[in-house]
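If you read the sequence shown in my numbering, its first letter stands for residue 1, the second for the next number, and so on. Positions of the beta carbon are idealized from the N, C-alpha and C atoms, including for glycine. What follows is one structure encoded as structure tokens, with my remarks underneath.
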Amino acid sequence: MIDTRKVLQLARLLMPTSISGNSAAAEKLRAYKNPEQCLTDFCDWEENKAVNPEKKKKYDFTVQIAPHAIIEYGAWETHAAWNKHHIWEETKKGGRAVRRNKSNKISWVSPGILFPLMGAMSEFSAADSKGRWQLKKPDRFKDEEMVRRAVNQFRAHGSDPMAMGRSEAAYDALRIYPQTLVEVLRDIEANE
């Protein structure tokens with residue numbers, strides 16, 4: 001069973017500023033710090049989508065990106081690259097950072113680590129030719145590099161997943177890699 005609030009949190013993390021209309025710190029942190037607000041906002045968007053074009057955009061984005069968000073989160077949560085960084089041993093406070101399965105492989109990563117990473121993936125949210133939202137990661141994007149950067153942020157936040165999940169700096173730092181990649185590829189495409 002999938003928790004509705006969790007789906008709305010994940011979709012909110014993938015929402016680009018062009019849809020949210022809000023680049024404030026509170027917007028970046030809302031998904032981690034206030035899942036109930038994500039639900040309240042979604043209900044408001046649904047109720048007012050017929051009379052408010054901005055709320056319709058947010059509602060449509062959320063409904064369309066939700067299945068992609070669930071898949072993306074699951075892929076990051078169990079990504080093999082986490083196993084190379086030994087973060088299990090470093091957790092000092094703020095809850096467990098990771099869990100291992102019977103094979104001693106990481107099978108779960110704390111939302112405090114994954115939410116800033118998922119927020120960075122909003123750089124890849126794009127509408128297809130029919131206007132439907134999806135994630136479009138460039139071929140040059142390296143998952144292992146993203147995990148490495150997330151681990152660096154975890155360590156920079158005192159190996160405290162809760163502190164990382166509540167840190168605007170973590171969200172901003174993790175956004176740099178995908179944002180730069182998208183900008184460089186756009187520039188290359190424009191000059192061809």
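query, result
"Per-residue burial, Gly158 [other beta carbons within 10 Å of its own, 16 or more giving buried]", "exposed"
"Gly112 versus Met162: straight-line alpha-carbon distance, rounded", "5 Å"
"Which residues DSSP lists as bridging Ile106, in chain order", "Arg100"
"Ala170 versus Ala120: straight-line alpha-carbon distance, rounded", "10 Å"
"C-alpha gap between Asp44 and Gln37, whole angstroms", "10 Å"
"Residue of Met164, Asp172 and Lys58 minimising C-alpha distance to Trp133", "Lys58"
"Extent of the continuous beta strand (DSSP E) to which Leu135 belongs", "Trp133 to Leu135"
"Residues bridged to Ala127 [DSSP beta-bridge criterion]", "Trp133"
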